[in-house]
Amino acid sequence: MRSSRIASVFRSQSRLRSALHVVVVTMLFSAGTVIACEADQHVSYLNDVVPIFSKAGCNAGVCHAKAGGGQNGFQLSLLGFEPQDDYESVVKLARGRRVFPAAPEQSLLLKKASGQLPHGGGVRLAADSEGYRILHDWIAQGALSDVGSAPQLTAVEVVPRRVRIEPGGIQQLQAIAIYSDGSSRVVTTTALYESNAEAMADVSEDGLVKVHDVPGNVAVMVRYQGNVAVFTAAIPLGADVTELPEPNNFVDEHVFTNLEQIGIPPSPVCDDATFIRRASLDIEGRLPTQAEAAAFLESTDSDKRDQLIESLLASPGYADFFANKWTSLLKNRRDDASDITSNFAFHAWIRDSLLANVPYDQLVRELLAATGTVIGNPPVAWYKRVKDPKQQLEDVAQLFLGVRMQCAQCHHHPFERWSQDDYYSLSAFFSQVGRKPTGVRGEDLIFHKRGKATAKNVKTGESLVPMALGDDVGEITPDEDPRLKLADWMSNPDNPFFAKAVVNRYWKHFFKRGLIEPEDDIRDTNPPTNPELLVALEDHFIQSGFDLKELVRVITRSKAYQLSAMPNEHNLVDEQNYSRYYPRRLQAEVLLDAIDEITGAKTKFANLPPGTSAVALPDNSYNNASAFLQVFGRPNSQSVCECERAQSSSLAQSLHLINSAEMKGKLATGDGRAATLAKDEASVEEKVTELYLVAFSRQPSESELQTAIEYLNEPVTNADGECVDEVQAAQQNYQDLIWALINTKEFMFNH
Amino acid sequence: MRMTVALPSRNLATQVLSVITLSVGLLFGLASTTLAQAVCLPSPRLLTTTPMGGQVGTTVEVTISGQDVEDVDLLTFSHPGITAEAKVDDQGEPIANQYIVTIAEDCPVGIHEARVMTRLGLSTSRVFNVGSLPEVQQVSPNTSLETAMPLPIDTVCNAKMAAQAVDHYTFEAAAGQRLVVDCAAKGIDSKLNAVLIVADAQGNDLQVERRGGAVDFTVPEAGTYVVKVHDLTFSGGAEYFYRLVIQSAEADELVQRLPSTQAVSSFSWPPTGLTDEQLIAEAELNNQHGEAQAITLPCDISGSFYPAADVDTFEFTATKGDVWWVEVASERLGRETDPSIVVQHVSRDGETEKLTDVVELTDIASPVKVSSNGYSYDGPPYNAGSTDILGKLEIKEDGLHRLQLHDLFGGTRSDPDNVYRLIIRKAAPDFALVGWALHMNLRNGDRNALSKPIALRGGATMPLEVVVVRRDGFVGQIEMEMSDLPEGVTATGLTIPSGQSKGIMLVSANEDAPRGLSRASFVGRATINGEEVTRPCRLASMAWPIPDAWSLIPDPRLLADVPVSVCGIEQAPLTIAAAEDKVWEVTSGEKLTIPLALTRRCDFSGANISLNTYGSGFDGASAFEVPLDEETSEIVYDLATLKTAPGEYKVALYGSAVAKYRDQVESIAIAEVSLMQVQEEAKRLAEEVATLTEEAQAATEEAKADAEAAAAEVAEKLKAAEDAVATAQKQLEAATNRAQPKDIVDIIVSTPFTIRVNPAEES
């Protein structure tokens with residue numbers, strides 16, 4: 000009996016439970032070893048051979064499962080989702096030369112895989128490997144297919160499911176496959192493993208998890224033949240958490256409970272200057288004005304932070320900033336000059352809806368089920384840009400449900416439960432979108448086309464009725480717009496995706512990192528770092544009537560949001576437990592507006608009134624004309640992914656801020672701040688204070704003040720070494736000071 | 000009744016010179032030109048009036064602007080209750096383009112239209128509003144909070160939007176007060192897509208309306224508020240005018256919107272003789288089959304598509320074989336809706352209700368194919384169809400039926416103002432007509448959308464395309480008539496044949512037709528159920544001349560009236576007519592040769608004009624190639640091929656040609672005369688200065704000062720005269736440049752003629 004040849008067969012559920020017990024006990028006492036069980040000499044094509052193809056990578060998308068013929072004419076289905084097709088490829092196609100039962104070792108399949116014949120994919124199965132031996136035995140036994148007769152894989156389990164591991168520790172995982180006949184087997188060596196945060200833990204091919212020294216929750220996805228299981232590990236820091244801020248709301252309770260559990264002491268609550276700057280940047284996407292900052296610092300109201308949040312939420316700036324976020328994700332893209340009307344109308348619709356605090360479910364409903372013309376009903380513009388029903392469902396699923404359905408168009412989703420039927424039955428909701436031409440080129444009038452909504456699964460040819468990610472939404476008569484049913488389903492309080500997706504997205508907006516990352520890839524195999532908090536946020540959001548302002552309010556009122564960005568001696572390593580505020584570089588538009596604010600310059604934008612801020616830009620067309628927006632990563636509205644916004648840093652960004660003509664021009668603006676300060680009668684101290692209030696929302700420290708004054712008092716000479724005019728010199732000095740402030744991290748970052 | 004407008008006489012020089020225009024045109028017409036080809040000869044177009052209206056019973060100073068509106072001698076309105084006189088300066092001289100407009104006390108409140116009589120005839124129209132509230136004009140610039148203009152409540156402000164600007168207005172209001180902020184723009188011919196914002200005193204937006212609606216604002220606390228207005232895409236200019244009002248309203252008051260022009264589709268509403276006598280209201284809740292509102296046929300119901308996704312269900316019993324006609328108006332009432340009806344027969348299978356579709360009714364199709372928005376127009380750019388409903392309901396089974404009415408655009412929009420009227424009636428055959436100036440299809444992808452007044456040059460024939468919406472199965476032929484025409488103008492309607500949808504009305508001016516203007520009557524006649532009926536034909540026009548309809552979407556609308564004018568100054572570049580004014584007779588199966596006379600009044604590009612035939616019976620004839628440089632030609636219809644049935648037919652020939660048009664040639668001669676006059680004056684003064692200078696030199700000491708003063712005085716006059724010469728030279732230069740030949744392609748239509756097809760004698 001070969002210890003790695005796992006084929007324990009259990010005939011009943013009771014035997015399964017006892018087997019699992021054996022597995023767990025064995026694992027506990029001999030971590031890293033594999034259980035020896037009863038052997039079965041028969042090799043199953045479905046349950047032994049196909050998993051080898053997956054483990055060895057033969058049926059990966061880049062190898063023989065590559066669309067359009069695989070490699071060198073040998074085509075396998077992706078990850079073995081179509082085993083019968085694969086059987087035909089392996090055994091029958093290419094005149095049957097891939098297998099040779101009379102002399103199995105002469106089979107082309109084995110000679111290529113083991114490198115005995117040249118193989119573009121290299122050696123995938125060494126001749127002495129277990130995989131090679133299984134294939135060999137299967138061929139020797141006649142290379143028979145048991146698809147249809149062999150037990151079906153119904154689930155895969157991982158043991159253990161959740162543990163607490165100290166930094167630096169290891170954990171061997173065991174993968175157990177469970178079949179339709181009640182049998183199970185350990186498939187640790189043939190399962191595939193993937194960590195969702197390699198900085199926290201990595202996992203070997205054989206399921207050995209090694210934990211690093213970053214505290215928090217990490218997950219490892221275990222995949223086996225289209226089934227998945229998740230192992231999660233809590234990695235404690237283990238420090239004493241003696242001081243926690245008094246919680247402001249449930250957000251704090253969940254965040255601080257987690258910090259206590261894993262032993263990460265949080266940074267203290269930030270000071271008022273930091274808070275007003277942070278909240279203004281996060282809610283309105285702009286710096287507080289000098290007057291706002293000064294008034295806030297002076298205020299002694301005990302609830303002044305809450306007051307500030309209310310004032311920010313009531314402002315049009317909130318609507319502008321969040322409209323900027325949503326329009327980009329909804330692809331408000333200018334491909335043609337004539338798109339201007341629909342783009343402006345669409346942006347304005349979102350902006351006005353946010354200003355009026357239209358409930359989120361209503362907003363999505365208006366978008367999904369939009370009908371009429373762009374001018375009469377601007378969300379129709381979404382149907383102008385996203386025309387293909389498949390693209391519609393994919394965008395809607397990713398953006399509003401946090402589910403990436405793209406894979407399921409062609410094959411069963413590799414990491415998820417979504418099948419092609421799920422994909423096409425979701426697309427069926429969009430099958431009755433009628434279009435009529437209008438006088439506007441490229442613009443259709445959208446209406447509900449009466450008829451029974453169905454969509455055809457292109458693989459099976461079956462006509463599918465609308466189903467929302469597997470949920471039945473009830474009968475839809477030909478007169479009913481199925482999109483309204485989809486919207487009804489989304490806004491149902493029991494919907495497991497809709498509220499979760501948006502609260503996670505907004506959480507990320509304020510905390511830099513989503514509770515689930517990426518924020519639009521929500522699946523069982525990608526668990527949240529603080530599941531209780533996510534559930535509580537969802538519940539609160541639903542109970543508030545999908546109130547987006549309330550969502551922002553509850554997040555920003557929390558002490559967790561108000562923690563300092565300065566790490567303490569323990570929490571610098573923390574990247575997912577929110578023990579401190581994670582600083583972020585200002586977004587392209589926000590940074591441009593901030594620079595305009597401190598320099599007094601006004602960036603001009605085509606077709607918009609003077610004074611329009613960059614966060615209020617309606618579409619991507621302004622990126623073409625603005626090197627600044629391009630360099631700092633303003634997205635081009637090509638995708639529904641927030642990742643399109645490039646928040647990384649680059650040399651070009653540094654050069655742009657340090658030495659670009661644009662920056663020089665802004666600093667030297669005729670009626671700009673430097674010119675005004677140079678002529679101003681106020682004291683130097685007052686002027687330096689003004690600059691610090693504008694740039695950082697705080698007073699300068701004594702040493703900063705002295706340094707600035709000394710610099711401002713330095714005489715300025717021209718190329719000939721002669722002193723220049725006093726006002727001119729002062730203007731030059733103020734320009735230099737402003738330039739220096741802009742080029743600090745304190746300015747460029749929200750912290 | 001013929002309504003002729005008295006025209007002031009033009010000055011003598013213009014009248015005389017108009018006669019010589021064409022000969023001069025021919026003389027200079029040979030000059031080569033490299034200018035790009037333009038489309039359509041100049042037409043006078045009134046583009047703006049400032050202000051755009053006034054309060055009833057008041058007098059308003061109005062300034063106009065337009066395109067090709069030289070020598071305006073009359074500002075006229077579609078309602079006789081509005082009259083205008085030229086504004087005069089201190090010397091009693093008329094000030095160009097300024098008028099004193101008087102709105103009579105009994106002038107109806109609403110939309111009227113203004114036009115000007117120009118050198119080229121009557122212009123296109125511009126909406127002129129008559130309201131009941133006091134009116135003010137914008138004090139600009141008011142593009143910031145600091146420069147905001149205070150606007151009293153219940154006062155209409157006439158304003159223009161600048162590009163990349165936001166206009167600001169302030170008003171004071173009391174807590175709890177209900178105010179409705181409304182803005183008329185698209186509905187009064189403006190290019191502005193108005194965005195209305197109510198903001199607090201600091202300019203923070205509180206409520207926004209961007210879909211053409213009004214802002215219904217209940218004042219949260221007493222104080223100053225701001226109304227901001229801007230264009231959806233921040234476009235602006237003289238054509239982006241608007242009328243803004245902040246109306247006070249009671250809490251439950253239904254506030255009327257500012258009036259608006261009618262879309263082309265609304266010509267087919269209401270059916271003749273419709274009254275409110277039988278009108279009943281829909282009764283919500285009637286959304287489900289089980290909640291259907293019981294009605295009896297015939298019926299006339301008013302309702303609204305409200306709230307979002309509203310479905311109104313009605314049930315009635317009907318008898319197999321019954322035929323009903325169903326009509327719904329909503330889009331034609333000015334709402335952005337798309338009504339849809341499904342009628343189902345209800346039967347029972349035990350406890351289960353079985354529904355069987357009887358008919359599904361949606362749009363009123365355009366009677367002719369409307370142009371797609373492709374490369375170039377492939378049909379008229381006017382849509383006479385509607386998203387409303389007009390269709391037949393044939394009852395196939397006795398018993399209970401349900402009718403479900405909903406708005407295909409209404410899934411998510413919740414607006415109680417989305418009203419409809421549903422009529423189910425026994426067949427009442429009828430028809431409605433709408434016409435518009437024929438639009439030119441060009442091969443080069445030109446998509447201009449031109450507003451074209453019926454302003455005729457002598458010898459010209461203007462084609463109007465007329466389409467019919469037929470009601471309740473009416474298929475009869477329709478004759479068209481236009482009466483009350485100016486002197487020298489005739490109108491010939493080419494019959495709309497039985498069952499067909501399109502006809503042509505040709506309006507022709509004699510070569511020597513005098514300058515004139517009248518408001519014509521335009522009707523269609525048909526026999527319905529043995530009785531002759533007359534129905535009006537509405538005219539539609541683009542609100543603006545739009546050079547490129549891909550970048551700016553044209554807004555066609557219905558016109559208030561049918562004014563016809565003759566300019567009396569210019570003549571058509573080419574007149575084509577049958578050589579004799581007679582009925583041309585031909586026997587079925589034989590050939591008919593018609594000699595043509597071509598009167599060419601300027602040069603043309605190309606040797607031939609390709610002519611097709613308008614008029615049923617002959618419109619299938621192949622195109623005729625007619626030489627442009629010959630004074631006579633002939634065409635031959637082969638009746639054997641055409642197979643035209645015996646009868647009398649009105650036909651005309653049409654094509655297009657590129658004229659080398661010379662604009663305002665007469666102004667060269669005027670400028671020459673003016674130049675000659677001032678040159679002579681300057682010459683005389685120069686001689687006088689020389690004489691006086693000599694006399695001063697020779698004068699005695701005592702007389703010298705006076706003599707020198709006299710010489711200096713005349714020298715001053717000489718300087719002024721020399722300036723006048725310079726000005727006159729520039730005017731001559733400008734006139735000469737303006738009159739350089741330009742290639743302009745336009746539609747050419749012959750004077751209509753009549754053909755009688757006699758039956759062949761039986762062999």
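Residue numbers (numbering that gives the first Met the number 0), protein chains in the order written: chain E, 0 to 750; chain L, 0 to 762. From the three backbone atoms N, C-alpha and C, an ideal C-beta is built for every residue, glycine too.
Of the listed residues the options, nearest to residue i (C-alpha basis)
i, options, result
"R763/L", "M481/L, D348/L and P546/L", "Residue 763/L is absent from the model: chain L starts at 0 and stops at 762."
"L390/L", "V418/L, N372/L and R424/L", "It is worth fixing the name first, because residue 390/L is Gly in this sequence and not Leu. Cα-wise, what sits closest to G390/L is R424/L."
"P626/L", "I575/L, V672/L, E589/L and T612/L", "I575/L"
"R556/E", "A667/E, F249/E and E685/E", "F249/E"
"A428/E", "I445/E, K435/E, T437/E and K389/E", "Before going on, a small fix: residue 428/E reads as Phe here, not Ala. Selected option, being the one with the closest Cα: K389/E."
"C156/L", "D416/L, Y660/L, E707/L and N128/L", "N128/L"
Straight-line gap, residue i to residue j (C-alpha atoms, nearest Å)
i, j, result
"D39/E", "N58/E", "For D39/E, the pLDDT reaches just 47, beneath the cut-off of 50, and the residue's location in the model is therefore unreliable, although a value from the coordinates is still provided. If I take the Cα positions, the gap works out to 26 Å."
"V683/E", "A707/E", "9 Å"
"H508/E", "S700/E", "31 Å"
"G567/L", "Y239/L", "33 Å"
"G290/L", "E283/L", "Reading off the sequence shown, one finds Glu at residue 290/L, where the question assumed Gly. In a straight line, the C-alpha of E290/L is about 9 Å away from that of E283/L."
"Q260/E", "P235/E", "7 Å"
"G669/E", "D679/E", "14 Å"
"D523/E", "V534/E", "14 Å"
"G529/L", "S497/L", "15 Å"
"D136/E", "R184/E", "19 Å"
"P50/L", "R242/L", "9 Å"
"H211/E", "T232/L", "54 Å"
"N417/L", "F408/L", "10 Å"
"E276/L", "P297/L", "13 Å"
Whole-Å CB distance - residue i paired with residue j, under 8 Å assumed
i, j, result
"V155/E", "A190/E", "7 Å"
"W543/L", "S666/L", "W543/L to S666/L, Cβ: 27 Å. No contact."
"K548/E", "L307/E", "Going by Cβ atoms, the distance from K548/E to L307/E rounds to 14 Å, so no, they are not a contact pair."
"M160/L", "V228/L", "7 Å"
"A200/L", "Y224/L", "7 Å"
"W549/L", "S337/E", "7 Å"
"T316/L", "G398/L", "6 Å"
"S385/L", "R334/L", "With a Cβ gap of about 11 Å, S385/L and R334/L do not count as contacting."
Same chain, Cβ closer than 6 Å to residue i, five either side skipped, listed in chain order
i, result
"I634/L", "I593 and F623"
"M481/L", "A490, A519 and F521"
Chain-order list of residues whose beta-carbon lies under 7 Å from that of residue i (same chain, five-residue window excluded)
i, result
"S22/L", "For S22/L, the predicted structure reports a pLDDT of 32, less than 50, and the residue's modelled location is therefore unreliable. The matter cannot be settled from this model."
"A147/L", "N141, H167, Y168, T169 and V225"
Residue i CB to nearest heavy atom of the ligand FMN below 6 Å
i, result
"D547/L", "The ligand content of the structure shown is nil, which means the ligand FMN is not present either."
Sequence-distant residues of the same chain with beta carbon closer than 8 Å to residue i, five excluded per side
i, result
"G68/E", "Q74"
Interface positions of the region 329-340 of chain L facing chain E (Cβ-Cβ less than 9 Å), listed along the chain: E335, T336, D337 and S339
Near-chain L residues of the region 445-458 of chain E (beta-carbon distance less than 9 Å), N- to C-terminal order: I445, F446, H447, K448 and R449
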